[in-house]
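K.L.:
A single structure is presented below for examination.
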C-alpha cells in the first residue's frame with residue numbers, strides 16, 4: 002500500500018477464515034463485476050474500496066480479522082483507500098462492538114446482507130446471477146456451499162467450542 006490509485010470503482014475483496022467465506026466472496030465479486038466494478042481478490046494494487054470478509058468464530062481467525070480491519074483503516078487514514086467495508090461472521094456476531102471500537106470503518110454488514118452492501122456501493126443486486134461466482138481458486142477445484150447457518154450438531158467441528 003504505497004500510492005493511491007486514481008481508478009474509480011476498483012474494489013479489493015479480502016477473504017479471511019473458512020471456505021464458506023471464500024464462496025461468499027466469490028458470489029460478492031461476481032455481483033460487483035456485473036455492476037461494472039473492477040474487482041480484485043486480495044490484490045496488492047491500490048483500490049478505491051476494500052471489502053473485508055471476516056471470520057468470527059475461532060480466536061486466531063477473529064484476531065486476524067481485527068488486525069486486517071485495522072490495517073485497512075490505517076491505509077484509509079493515510080489516504081490510500083477511500084472506503085473500508087466489513088462483512089462476514091465477525092461483523093454478524095459483533096457489529097455493535099465493532100462499530101464502537103473501530104468507527105473508522107464505513108459500514109458493517111452481516112452474512113446475509115449482500116444486497117444492502119451493493120446498495121451502499123450504488124450497485125444493484127442482480128437476481129439473475131444467483132449462484133454465479135468469480136472463482137478465486139485454481140481451475141481444477143472450487144468450493145460449494147450446501148447450507149447456510151449452523152445448529153452446532155457436528156462432533157468434529159471446532160467452531161462451537
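In the numbering used here, the protein residues as written are 2 to 162.
Even for Gly, the Cβ is constructed at its ideal location relative to N, Cα and C.
Everything numeric in this text was worked out from a predicted model, so none of it was measured.
With which residues is residue 52 paired in a DSSP beta bridge?
P.N.:
Taking the chain shown and counting its residues from 1, the one referred to as residue 52 is at position 51. Paired residues: 14, 86.
K.L.:
Residues in its own chain within less than 6 Å of residue 143 by CB, not counting five upstream and five downstream?
P.N.:
The residue given as residue 143 occupies position 142 in the chain shown. Closer than 6 Å at the Cβ level, and outside the excluded window around residue 143, lie 136.
K.L.:
Between the C-alpha atoms of residue 112 and residue 21, what's the straight-line distance to the nearest angstrom?
P.N.:
Sequence index remark: in the chain shown, residue 112 carries index 111 (1-based). Sequence index remark: in the chain shown, residue 21 carries index 20 (1-based). Their backbone Cα atoms lie some 10 Å apart in a straight line.
K.L.:
For my contact list, residue 89 and residue 138 are in at a C-beta cut-off of 8 Å; report their separation, rounded to the angstrom.
P.N.:
Reading the chain shown from its first residue, position 88 is the one you call residue 89. Reading the chain shown from its first residue, position 137 is the one you call residue 138. With 8 Å as the limit, residue 89 and residue 138 do not qualify as a contact, their Cβ atoms being about 18 Å apart.
K.L.:
Measuring only the C-alpha atoms, how far is residue 15 from residue 69?
P.N.:
Position 14 of the chain shown, counting from 1, holds the residue named residue 15. Position 68 of the chain shown, counting from 1, holds the residue named residue 69. Going by the C-alpha atoms only, they are around 9 Å apart.
K.L.:
Given this structure, state the Cα-to-Cα distance separating residue 6 from residue 37, to the nearest angstrom.
P.N.:
For this step, residue 6 is matched to residue 5 along the chain shown. For this step, residue 37 is matched to residue 36 along the chain shown. Any answer about residue 6 is weak, because its pLDDT of 46 lies below 50 and its placement is not dependable; what the coordinates show is given next. Their backbone Cα atoms lie some 17 Å apart in a straight line.
K.L.:
Ignoring anything shorter than 3 residues, give me the beta strand (DSSP E) runs that lie fully in the region 81-139, in order along the chain.
P.N.:
84-89
K.L.:
For residue 47, which three-state DSSP category applies?
P.N.:
Mapped onto the chain shown, residue 47 falls at position 46. Residue 47 falls in the coil class under three-state DSSP.
K.L.:
Touching or not, the region 70-81 and the region 24-34, by the rule of three or more beta carbon pairs under 8 Å?
P.N.:
Contact fails: fewer than three Cβ-Cβ distances are below 8 Å.
K.L.:
Return the Cβ separation of residue 75 and residue 49 in integer angstroms, given the expectation that the two are a contact with Cβ distance under 8 Å.
P.N.:
Here residue 75 is taken as the residue at index 74 of the chain shown, counted from 1. Here residue 49 is taken as the residue at index 48 of the chain shown, counted from 1. At roughly 17 Å, the Cβ-Cβ gap does not stay under 8 Å, so residue 75 and residue 49 are not in contact.
K.L.:
Taking the beta carbon of residue 132 as the centre, do at least 16 other beta carbons fall within 10 Å, making it buried, or is it exposed?
P.N.:
For this step, residue 132 is matched to residue 131 along the chain shown. Residue environment: residue 132 is assigned as exposed (fewer than 16 neighbouring CB atoms within 10 Å of its CB, all protein chains considered).
K.L.:
Classify residue 27 as buried or exposed, calling it buried when 16 or more other Cβ atoms lie within 10 Å of its own Cβ.
P.N.:
Along the chain shown, read from residue 1 onward, the residue named residue 27 stands at position 26. Per the 10 Å Cβ criterion, buried.
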